[in-house]
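Protein chains: 2
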Amino acid sequence: MSSPSDIPMAQRKRQLVANELTEAALQLLAQRGFDAVTVDEIAAVAGVSKRTFFRYFASKEDVVVRFLADMGNGMRAELAARPAAEPPSVALRHTVAVPLAACGDHAERALPVVRLIMRTPALRARFLERQAQWRDDLSVELAARLGLEARDGAEAAAPAGLYPGLAAGMALVAFDAVLQQWSDGDGTADPAGLTDSAFAVLAASLDAVPERVVVPGAADQGRAANRTA
Amino acid sequence: MSSPSDIPMAQRKRQLVANELTEAALQLLAQRGFDAVTVDEIAAVAGVSKRTFFRYFASKEDVVVRFLADMGNGMRAELAARPAAEPPSVALRHTVAVPLAACGDHAERALPVVRLIMRTPALRARFLERQAQWRDDLSVELAARLGLEARDGAEAAAPAGLYPGLAAGMALVAFDAVLQQWSDGDGTADPAGLTDSAFAVLAASLDAVPERVVVPGAADQGRAANRTA
DNA sequence: GCCAAGTGTGTCACTCGGTGTCAATGTGTG
DNA sequence: CACACATTGACACCGAGTGACACACTTGGC
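So the protein sequences, as listed, match chains L and W.
With the numbering used here, the residue at position 80 of the first sequence is 80, and numbering never jumps.
Convert by adding 1000 to the 1-based position in the second sequence; the result is the number in the numbering used here.
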């Protein structure tokens, strides 16, 4: 970037190639299956070389998973933006509900991709790995939100240190369960409704925040759990 | 196997090669990292050819993940063996506690492997994929245990249909969190204690079984949740 | 002892995912 | 026009994984 004016130009060209590549990839992969399509084919359809494909995507899985990757970024931002007064169950429910709702709204495009991911082992594995990353992100966001500052150096193994990770994990279990139900069906199921149902099950544990935490919205912050210091 | 008498013979030879292979693999991989070791090297150390390696393991990841794979089988069996009177939180806690305790007992061998898996993206991904499989297994086992028979044909998206998957998922979130904490530390942490702490957080939701389920052991199964049918 | 049949293994050749390198091209700046 | 910089294609290369074939080795029957 030698000058400010070529940023928009080169940037747009880059974006255009990326779109072309994802378009070709999703088309071919959804149609013929993940293993039956080579990277060379995808690149050829997009009009570029194999080498260029790998300059845009880290792996063959990446093209597909990236398509849903924005979800993760959106989630962390969404959680950070939720009012501090909300109990964890509500804040986390909205956090996962946003990308899920996006899926439901663009079912025509999202459903085939989600289905492809869910039933292709290699893609499912990469997707779960990404979810684990989201879990860590949500975990620190949640800890900060609740005033449970994780001391970076000494990571205490106390229950209070376990809660954020567990809560974030639970939220993502719900996320995954909804996605699975939705992709198993014919797309007519409502992700929002499924999300509400799932969080109705999880809410009890989500709002039982350990330690000295104040959760204004919750009627009673039972400091129940705290054994095995 | 042309005769019954060669089953023990050939079988033992097979087992011996498999052991040799895993031994060599774990040794090399834990020492030099996953990407820095080729399958040819592993096979050479074990005294066989690359081709033979792939006759025993489906992939390079498989050698490592298989080492912890028995966990999954053990879990389903353990859950099935728990007394029916136990509330889900207790039954599931024991279910995941068994393999976790096994890790703690054989820390010398298990810790390096767990560490390798947890911090190698490719291995972590495959491990999570396997956990997803366990989740499905535990889910059906749990449904059977609670009398929530999943009609195979028509998979209803009702809350009652969501619960088993969520509960199993929560148990595995705890499992994963404990494993992560344990592998991050120096191995002196007690998996059993961590497991108890984790389930103390999750218990409230785990025992809130929706619908007409009877959980004898639980003093109070708040059937709070059940909105948005 | 010899000869099937079956199984495990090594070798070779090959495909495909993924990476490093370099030369060519294009684009914006002085 | 000359210069720097970014992007690309072409090529070579490595490693994972697979298919095919030939060569052992074991086992059982004659």
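Glycine is no exception: its CB is placed at the ideal position from the N, C-alpha and C atoms.
Just so we're clear, the structure is a prediction, and the values are computed from it rather than from any experiment.
Query - Backbone secondary structure at L/R82 - three-state DSSP - result: Taking the first residue of the first sequence as position 1, residue 82 of chain L is located at position 82. In the structure shown, the three-state DSSP call for L/R82 is coil.
Query - Under 7 Å between C-beta atoms of W/P1164 and W/S1139 - result: Residue mapping note: residue 1164 of chain W aligns to position 164 of the second sequence, counting from 1. Residue mapping note: residue 1139 of chain W aligns to position 139 of the second sequence, counting from 1. Closer than 7 Å, so yes.
Query raised in the report: Between W/A1030 and the rest of its own chain, which residues show a CB-CB distance below 6 Å, the 5 nearest in sequence each way excluded?
Result: For this step, residue 1030 of chain W is matched to residue 30 along the second sequence. Around W/A1030: P1112, L1116.
Query raised in the report: Can you name the residues of chain L whose CB is closer than 7 Å to the CB of W/S1059?
Result: Reading the second sequence from its first residue, position 59 is the one you call residue 1059 of chain W. Under the 7 Å cutoff, chain L gives no residues; its nearest Cβ is about 10 Å from W/S1059.
**Report entry** C-beta contact flag for L/S89 and L/F199 at 7 Å
**Finding:** Within the first sequence, the letter at position 89 stands for residue 89 of chain L. Within the first sequence, the letter at position 199 stands for residue 199 of chain L. With contacts defined by Cβ atoms closer than 7 Å, L/S89 and L/F199 form a contacting pair.
Query raised in the report: I think L/L128 touches W/A1122, with their Cβ atoms under 8 Å apart; what is that distance to the nearest whole Å?
Result: Indexing the first sequence from 1 puts residue 128 of chain L at position 128. Indexing the second sequence from 1 puts residue 1122 of chain W at position 122. With a Cβ gap of about 12 Å, L/L128 and W/A1122 do not count as contacting.
Query raised in the report: Shorter than 7 Å from the beta carbon of L/Y56 to some beta carbon of chain W?
Result: Stepping through the first sequence from its first residue, residue 56 of chain L is reached at position 56. No, L/Y56 does not count as interfacial toward chain W.
Query raised in the report: Looking at C-alpha atoms only, which residue of W/G1074, W/L1079, W/Q1133, W/R1032 is the closest neighbour of L/R119?
Result: Counting from one through the first sequence, the residue named residue 119 of chain L turns up at place 119. Nearest option by C-alpha distance: W/Q1133.
Report task. Can you pull the chain W residues whose beta carbon is under 7 Å from the beta carbon of L/M170, in chain order? Result -> Sequence index remark: in the first sequence, residue 170 of chain L carries index 170 (1-based). Result: M1170, V1173.
Report task. Please list the partners that W/P1121 has in chain L, where partner means a Cβ-to-Cβ separation under 7 Å. Result -> The count along the second sequence starts at 1 and reaches residue 1121 of chain W at position 121. Ordered by position in chain L, the residues that pass the 7 Å Cβ test against W/P1121 are E129.
Query - Where L/P87 sits in the DSSP three-state scheme - result: As a position in the first sequence, residue 87 of chain L is number 87, starting the count at 1. Coil, per DSSP.
Query - Contact list for W/A964 against chain L, beta-carbon separation under 7 Å - result: Summary: the structure shown does not reach residue 964 of chain W, with chain W confined to residues 1001 through 1229, and so no result is reported for it.
Query - Residue of L/D196, L/F53, L/L142 minimising C-alpha distance to W/L1162 - result: Residue mapping note: residue 1162 of chain W aligns to position 162 of the second sequence, counting from 1. Closest option to W/L1162, Cα to Cα, is L/D196.
**Report entry** Nonlocal neighbours in the same chain, by C-beta distance under 7 Å from L/A10, ignoring five residues either side
**Finding:** Stepping through the first sequence from its first residue, residue 10 of chain L is reached at position 10. Correct list: empty, nothing qualifies.
Query raised in the report: In three-state DSSP terms, what is L/A208?
Result: Working through the first sequence from its first residue, we reach residue 208 of chain L at position 208. Reduced to three states, the DSSP call for L/A208 is coil.
Query raised in the report: Near L/G217, which residues of its chain fall below 6 Å by C-beta distance, leaving aside the five closest residues on each side in sequence?
Result: In the first sequence, residue 217 of chain L corresponds to position 217, counting from 1. Reliability of the predicted coordinates at L/G217 is poor, the pLDDT of 45 falling under 50, and the value obtained from them is presented with this limitation in mind. Leaving aside the five residues that flank L/G217 on each side, the residues in its chain whose CB is nearer than 6 Å to its CB run, in chain order, A85, E86, P87.
Query raised in the report: Where does W/V1140 fall in DSSP's three states?
Result: For the purposes of this step, residue 1140 of chain W is taken as the residue at position 140 of the second sequence. Three-state result, W/V1140: helix.
Query raised in the report: Taking Cβ to Cβ, would you say W/A1101 is nearer than 7 Å to W/R1135?
Result: Position 101 of the second sequence, counted from the first residue, corresponds to residue 1101 of chain W. Position 135 of the second sequence, counted from the first residue, corresponds to residue 1135 of chain W. In this structure, W/A1101 keeps its C-beta atom at 7 Å or more from the C-beta atom of W/R1135.
**Report entry** Collapsed DSSP secondary structure at L/L128 in the structure displayed
**Finding:** By 1-based counting over the first sequence, the position of residue 128 of chain L is 128. L/L128 carries a helical assignment under DSSP once its states are collapsed to helix, strand and coil.
Query raised in the report: Is the CB-CB distance between L/A171 and L/V98 below 7 Å?
Result: For the purposes of this step, residue 171 of chain L is taken as the residue at position 171 of the first sequence. For the purposes of this step, residue 98 of chain L is taken as the residue at position 98 of the first sequence. Here L/A171 is not near L/V98, since their CB atoms are 7 Å or more apart.
**Report entry** Pick from W/F1034, W/E1041, W/A1091, W/K1013 that is closest to W/E1078, judged by C-alpha positions
**Finding:** Counting from 1 along the second sequence, the entry for residue 1078 of chain W is found at position 78. For the set W/F1034, W/E1041, W/A1091, W/K1013, the Cα lying nearest the Cα of W/E1078 is the one of W/A1091.
Requested in this report: Within its chain, find whatever has a CB closer than 7 Å to the CB of W/A1157; leave out the 5 residues flanking it on each side and keep chain order.
Outcome: By 1-based counting over the second sequence, the position of residue 1157 of chain W is 157. Low per-residue confidence applies at W/A1157: pLDDT is 43, beneath 50, and the placement is therefore not dependable enough to give any value.
Query raised in the report: Does the distance from the C-beta atom of L/S49 to that of L/A43 stay below 7 Å?
Result: Numbered from its first residue, the first sequence carries residue 49 of chain L at position 49. Numbered from its first residue, the first sequence carries residue 43 of chain L at position 43. The answer is yes: Cβ separation under 7 Å.
Query raised in the report: Which stretch, first to last residue, makes up the alpha helix (DSSP H) that contains W/F1054?
Result: In the second sequence, the residue the question calls residue 1054 of chain W occupies position 54. Segment 1050-1056, the alpha helix (DSSP H) holding W/F1054.
**Report entry** For W/L1068, three-class secondary structure by DSSP
**Finding:** Taking the second sequence and counting its residues from 1, one reaches residue 1068 of chain W at position 68. Three-state result, W/L1068: coil.
Report task. Assign L/R51 to buried or exposed, taking buried as 16 or more other Cβ atoms, counted over all protein chains shown, within 10 Å of its Cβ. Result -> Within the first sequence, numbered from 1, the residue matching residue 51 of chain L stands at position 51. Exposed, since its Cβ has fewer than 16 Cβ neighbours within 10 Å.
**Report entry** Under 7 Å from the C-beta of L/R126: neighbouring residues of chain W
**Finding:** Along the first sequence, one-based indexing puts residue 126 of chain L at 126. Chain W residues near L/R126: A1125.
Query raised in the report: What is the rounded straight-line gap between the Cα of W/L1016 and the Cα of W/E1108?
Result: Indexing the second sequence from 1 puts residue 1016 of chain W at position 16. Indexing the second sequence from 1 puts residue 1108 of chain W at position 108. Taking C-alpha positions only, W/L1016 is separated from W/E1108 by approximately 22 Å.
Query raised in the report: Who are the Cβ neighbours of W/V1065 in its own chain at under 8 Å, not counting the five residues just before and after it?
Result: On the second sequence, position 65 is the one that residue 1065 of chain W refers to. The residues are I1117, L1123, R1126, F1127, R1130.
Query raised in the report: Should W/V1289 be flagged as near chain L, meaning a C-beta pair shorter than 7 Å?
Result: With chain W running from 1001 to 1229 in the structure shown, residue 1289 of chain W is simply not present.
Requested in this report: Tell me whether L/P83 is buried or exposed, calling it buried when 16 or more other Cβ atoms sit within 10 Å of its Cβ.
Outcome: By 1-based counting over the first sequence, the position of residue 83 of chain L is 83. By the Cβ-count criterion, L/P83 is exposed, with fewer than 16 other Cβ atoms from all chains shown falling within 10 Å of its own Cβ.
Requested in this report: Could I get the ranges of all uninterrupted alpha helix (DSSP H) runs contained in the segment 1002-1043 of chain W, with 4 residues as the minimum, in chain order?
Outcome: Whole alpha helix (DSSP H) segments, 4+ residues: 1006-1032.
Requested in this report: With 8 Å as the C-beta to C-beta threshold (strictly closer), list the residues of the segment 1089-1108 of chain W near chain L in chain order.
Outcome: Those would be none; no residue qualifies.
Requested in this report: Note down, in chain order, every chain W residue with its Cβ under 8 Å from the Cβ of L/S205.
Outcome: Taking the first residue of the first sequence as position 1, residue 205 of chain L is located at position 205. Result: M1170, V1201, L1202, A1203, A1204, S1205, L1206.
Requested in this report: Look at the alpha carbon of W/P1191 and the alpha carbon of W/A1069, and state the distance between them as a whole number of angstroms.
Outcome: Indexing the second sequence from 1 puts residue 1191 of chain W at position 191. Indexing the second sequence from 1 puts residue 1069 of chain W at position 69. Cα atoms of W/P1191 and W/A1069: separation of roughly 18 Å, rounded to the nearest angstrom.
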